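Visitor: Protein chains in written order, with the numbering used here: chain A, 4 to 232; chain B, 4 to 232.
Sharing a structure, written as structure tokens. Questions coming.
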DNA sequence: ACCAGTATTTTGTCTGGACTTGACATCGCA
DNA sequence: TGCGATGTCAAGTCCAGACAAAATACTGGT
């Protein structure tokens, strides 16, 4: 009964959580482990590599692997498409386009998207509902210099997120989360009082080193992002 | 010059971002890819596995691998220890203990930590400063039933986070992020106006299926959590 | 037409062997 | 003493081949 890489992983993790292998201490070399578990070094290597990826151990050539002093805690949050998020909770999804315009980019946006003066952008404001109550407010700016198709696209039936995903298959993103206070308009749309604290997600999507779209998503009052590991 | 798994990964990712392989389309089998790249199947497998881990492709036995329709966007946020976060920015760190008490767990906490009536907890309130200005407010509750050592520990010089890390080597956690409004006390400590929106992180740390500590971290006004990928 | 069992395909994992790379140690020479 | 060349070790990567497992396709019987 040879050990799988999964067995090895959980066993090592167990030794660490139980305190048998203390933070900072050296873990036996791959060759040793391979022998004790009765498996090949490649198998041990995979187990150790994944533990290192997860921030639990630290590996260095020549010196060996050791338990991290401060286990690097990193949380993985899924950033879902609103519609999927809502539908996965068994709620009905509704989308509403509030405003749609094509304008010259305001200065703050020009700086953010690295646009030239006079460059035009498509500006969209929309709302996403779950079971009829407001769920998320979307304030979206699309760079028309990079995505001229966006000028003629129709966003009255479905949101810009889904359209954009069909246009830009995969891209690099910068996501930022902060708290903000509801202004008059937001309060009305999200059905809360002005000044209420709201969770906001900002996202800039880059493609070929150029920012193609910037969006500010304001979540419904009380919204939480949760993850466990 | 054979292709490394890294080469293969970037090449495939390139084909996807350039739109050569569209979302939903089938990617050649590992055996095919191994031949086209002139490497072993194991090498291709590793490249594909990592792409799958990153949420870019979807793999299924027998049916093969395909580009995800909705690239699973997941953000990895580092959850740093405050002190490290501050010191990495080249700022000076200061810690202050505001309140320390051992009390019977209030009802809301009892529910959260699954405690029996009368069980006692250590309650700590502290502040973390960066370059002299308030950075983070920490409201920490430690389960004394599971961690009796916490009753006699001294938190006047350094924060409970660091002490806890020495006690619980590795554990599973539930993290939740939300927006909250500053109350009178928070406003005073964090040097802002009451009602100001603040980003709050809540964390429950479990060990052996029992919640050992619950903490509510309220960040300074304007704080953002950022990540890019 | 339906169903159960079987074949096939594709990914998942493992093996034991090899070479590479980065980091450290040490030796020899100026 | 200082310093560069060389050695050594452990992790990093790769290979070819093998079997396992899951999911689909197929096939024959009812």
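Beta carbons are placed, not taken as given, at the ideal position from N, Cα and C, and that holds for glycine.
Keep in mind the model is a prediction, meaning the values are calculated, not measured.
Would residue 161/A count as contacting chain B if we go by Cβ distances under 8 angstroms?
Guide: Not closer than 8 angstroms to any Cβ of chain B, the Cβ of residue 161/A fails to qualify, so no.
Visitor: Measuring alpha carbon to alpha carbon, tell me which residue in 216/B, 54/B, 227/B and 118/B is nearest residue 201/B.
Guide: Selected option, being the one with the closest Cα: 227/B.
Visitor: Taking 8 angstroms as the cut-off, does the region 149 to 168 of chain B touch the region 186 to 205 of chain B (at least 3 CB pairs, one atom from each stretch)?
Guide: With the cut-off at 8 angstroms, the region 186 to 205 of chain B and the region 149 to 168 of chain B do not touch.
Visitor: Please tell me whether residue 6/A has its Cβ less than 8 angstroms away from any Cβ of chain B.
Guide: No - not a single Cβ of chain B is within 8 angstroms of the one on residue 6/A.
Visitor: Is the CB of residue 77/B under 8 angstroms away from at least one CB in chain A?
Guide: So yes, residue 77/B belongs to the interface.
Visitor: Answer with yes or no whether the minimum CB distance from residue 40/B to chain A is below 8 angstroms.
Guide: Cβ-Cβ to chain A under 8 angstroms: no for residue 40/B.
Visitor: Provide the residue span of the beta strand (DSSP E) that contains residue 202/A, from first to last.
Guide: 200 to 210 is the extent of the beta strand (DSSP E) around residue 202/A.
Visitor: Using a C-beta to C-beta distance shorter than 7 angstroms, which residues of chain B count as neighbours of residue 51/A?
Guide: By Cβ distance, chain B contributes nothing, its closest Cβ being about 15 angstroms from residue 51/A, past 7 angstroms.
Visitor: Indicate whether residue 133/A and residue 96/A have their beta-carbon atoms separated by less than 8 angstroms.
Guide: Taking 8 angstroms as the Cβ cut-off, residue 133/A and residue 96/A qualify as a contacting pair.
Visitor: Let me check understanding here. Comparing Cα to Cα, which of 191/B, 185/B and 174/B lies closest to residue 206/B?
Guide: Ranking 191/B, 185/B and 174/B by Cα distance to residue 206/B puts 174/B first.
Visitor: Considering only C-alpha positions, which residue in the set 129/B, 128/B and 213/B is nearest to residue 276/B?
Guide: Shown here, chain B extends from 4 to 232; a query on residue 276/B therefore has no answer.
Visitor: Given a cut-off of 8 angstroms on the beta-carbon distance, is the pair residue 101/B and residue 130/B in contact?
Guide: In contact: residue 101/B and residue 130/B (Cβ atoms closer than 8 angstroms).
Visitor: Are residue 90/A and residue 220/A closer than 8 angstroms when you measure CB to CB?
Guide: No. Outside cutoff.
Visitor: How far does the beta strand (DSSP E) with residue 107/B in it reach, from first residue to last?
Guide: 96 to 107 is the extent of the beta strand (DSSP E) around residue 107/B.
Visitor: Classify residue 114/B as helix, strand or coil using the three-state DSSP reduction.
Guide: Three-state DSSP puts residue 114/B in a helix.
Visitor: Decide if residue 139/A is buried, meaning its Cβ has at least 16 other Cβ atoms within 10 Å, or exposed.
Guide: By the neighbour-count rule (16 or more Cβ atoms within 10 Å), residue 139/A is buried.
Visitor: Cα-Cα, which of 208/A, 67/A and 147/A is closest to residue 168/A?
Guide: Closest by alpha carbon: 208/A.
Visitor: Determine the extent of the beta strand (DSSP E) in which residue 217/B is found, giving its start and end residues.
Guide: Note, residue 217/B: beta strand (DSSP E), 213 to 222.
Visitor: Work out the CA separation of residue 121/A and residue 215/B for me, nearest whole Å.
Guide: Taking the straight line joining both Cα atoms gives about 57 angstroms.
Visitor: Which chain B residues sit within Cβ distance under 7 angstroms of residue 91/A?
Guide: By Cβ distance, chain B contributes nothing, its closest Cβ being about 12 angstroms from residue 91/A, past 7 angstroms.
Visitor: Counting contacts by CB-CB distance shorter than 8 angstroms, is residue 198/B in contact with chain A?
Guide: Residue 198/B counts as touching chain A.
Visitor: When you compare the CB of residue 145/A with every CB in chain B, is at least one pair closer than 8 angstroms?
Guide: No, its Cβ sits nowhere closer than 8 angstroms to a Cβ of chain B.
Visitor: Compare the Cα-Cα distances from residue 128/A to each of 188/A, 33/A, 11/A and 136/A and report the closest residue.
Guide: Minimum Cα distance to residue 128/A is reached at 188/A.
Visitor: Between residue 109/B and chain A, is any beta-carbon pair separated by less than 8 angstroms?
Guide: Output row for residue 109/B: interface = no.
Visitor: Please go through the same chain and pick out, in chain order, the residues whose beta-carbon is closer than 7 angstroms to the beta-carbon of residue 27/B, but skip the five residues on each side of it.
Guide: Result list for residue 27/B: 69, 70 and 72, in chain order.
Visitor: Just mark residue 42/B as buried or exposed, buried being the case when its beta carbon has 16 or more other beta carbons within 10 Å.
Guide: By the neighbour-count rule (16 or more Cβ atoms within 10 Å), residue 42/B is buried.
Visitor: What does residue 80/B reach in chain A if we use C-beta pairs closer than 7 angstroms?
Guide: Those within 7 angstroms of residue 80/B in chain A are 77, 78 and 80.
Visitor: Taking Cβ-Cβ distances shorter than 8 angstroms, what residues in chain A pair up with residue 20/B?
Guide: Result: 172, 173, 174 and 210.
Visitor: List, in order along the chain, the chain B residues whose C-beta lies closer than 7 angstroms to that of residue 232/A?
Guide: Residues of chain B passing the Cβ test: 175 and 176.
Visitor: Beta-carbon separation of residue 161/A and residue 232/A under 8 angstroms?
Guide: The answer is no: Cβ separation not under 8 angstroms.
Visitor: Could you tell me which residues DSSP puts in a beta bridge with residue 137/B?
Guide: Bridge partners of residue 137/B: 132/B.
Visitor: Note down, in chain order, every chain B residue with its Cβ under 9 angstroms from the Cβ of residue 226/A.
Guide: Simply 181 and 182.
Visitor: Using only CA atoms, which one of 180/A, 190/A and 135/A lies nearest to residue 82/A?
Guide: With distances taken between Cα atoms, residue 82/A lies closest to 180/A.
Visitor: Can you look up residue 61/B in the DSSP assignment and give me helix, strand or coil?
Guide: In this structure, residue 61/B counts as strand in the three-state DSSP scheme.
Visitor: Do residue 20/B and residue 178/A have their beta-carbon atoms positioned less than 8 angstroms apart in this structure?
Guide: Going by C-beta atoms, residue 178/A is not nearer than 8 angstroms to residue 20/B.
Visitor: Take the Cβ of residue 33/B as the centre, count every other Cβ of all protein chains shown within 10 Å, and call the residue buried at 16 or more, exposed below.
Guide: With 16 or more Cβ atoms within 10 Å of its Cβ, residue 33/B is classed as buried.
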